[in-house]
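Q: Residue numbers (our numbering): 8 to 205.
Ideal Cβ positions, reconstructed from N, Cα and C, are used throughout, including at glycine.
Because the structure is a prediction, the values reported are computed rather than measured.
1) Flag this pair as yes or no: are the beta carbons of residue 45 and residue 159 separated by less than 8 angstroms?
2) Would DSSP call residue 146 helix, strand or coil?
3) Evaluate the contact criterion for the segment 76-94 versus the segment 167-184: three or more CB pairs, one atom per stretch, below 8 angstroms.
4) For residue 197, does the three-state DSSP call read helix, strand or coil?
5) Helix, strand or coil, according to DSSP, for residue 31 in the structure here?
6) Rounded to the nearest angstrom, what separates residue 17 and residue 153 at their Cα positions?
7) Could you have a look at residue 186 and say whether DSSP puts it in helix, strand or coil?
8) Please state whether the Cβ-Cβ distance between residue 4 and residue 131 is less than 8 angstroms.
9) Rounded C-beta distance between residue 29 and residue 157? I'm assuming under 8 angstroms.
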């Protein structure tokens with residue numbers, strides 16, 4: 008199969024078919040916490056794209072060229088957490104300096120990217136599945152774009168829900184969870200369309 012086709016297929020798989028939020032439920036905390044405003048959801052989505060991509064590019068070589076040859080592959084999770092925490096700290100400093108309003112809007116959820124299961128899940132999944140470097144990058148790109156896409160779409164839906172006549176018992180998080188469940192079922196219809204990994 009053509010390498011470019013497989014690369015694009017891997018991105019589509021991570022973005023839509025095996026969406027990290029709606030099929031694996033990784034990253035639910037920022038998904039529910041930051042999706043109240045479209046601007047903060049978009050900012051979080053872009054930050055997660057950057058962190059996942061950078062973490063993949065750094066963690067894959069560390070695992071394959073340092074941990075495995077040194078016979079300490081069992082240290083992968085702690086290593087990934089340290090790499091991700093360092094990247095998030097860097098992003099936090101940059102956003103605080105250049106966009107204080109976004110920094111304030113993201114609030115506590117920006118440092119929580121460090122413990123975001125989506126970021127760690129991609130880094131861990133790439134090595135657990137023994138993906139090549141390009142397959143890891145494709146998976147990271149698709150997964151991170153999928154995260155950003157879903158959190159942005161969800162924020163626009165929540166904006167409409169907040170202004171609609173929702174029963175009092177369902178206002179806020181309950182109706183958001185019901186909406187997320189319906190979105191998850193809709194995306195479940197795409198499962199099985201792509202047989203990945205190749």
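A: On the basis of the coordinates in this document:
1) Walking along the chain shown from the start, residue 45 turns up at place 38. Walking along the chain shown from the start, residue 159 turns up at place 152. Yes; because the gap between Cβ atoms is below 8 angstroms, this pair is in contact.
2) Numbered from its first residue, the chain shown carries residue 146 at position 139. Residue 146 falls in the helix class under three-state DSSP.
3) No, they do not touch.
4) Translated into the one-based positions of the chain shown, residue 197 becomes position 190. Looking at residue 197 - three-state DSSP - the assignment turns out to be coil, as it is neither helix nor strand.
5) Taking the first residue of the chain shown as 1, we reach residue 31 at position 24. Correct three-state label for residue 31: coil.
6) Here residue 17 is taken as the residue at index 10 of the chain shown, counted from 1. Here residue 153 is taken as the residue at index 146 of the chain shown, counted from 1. Computed Cα separation, rounded: 12 angstroms.
7) In the chain shown, counting from the first residue as 1, residue 186 sits at position 179. If DSSP states are grouped into helix, strand and coil, residue 186 belongs with the helices.
8) Because the chain is modelled from 8 through 205, residue 4 falls outside the range shown and cannot be assessed.
9) Here residue 29 refers to the residue found at position 22 when the chain shown is read from its first residue. Here residue 157 refers to the residue found at position 150 when the chain shown is read from its first residue. Right, their Cβ atoms sit about 6 angstroms apart.
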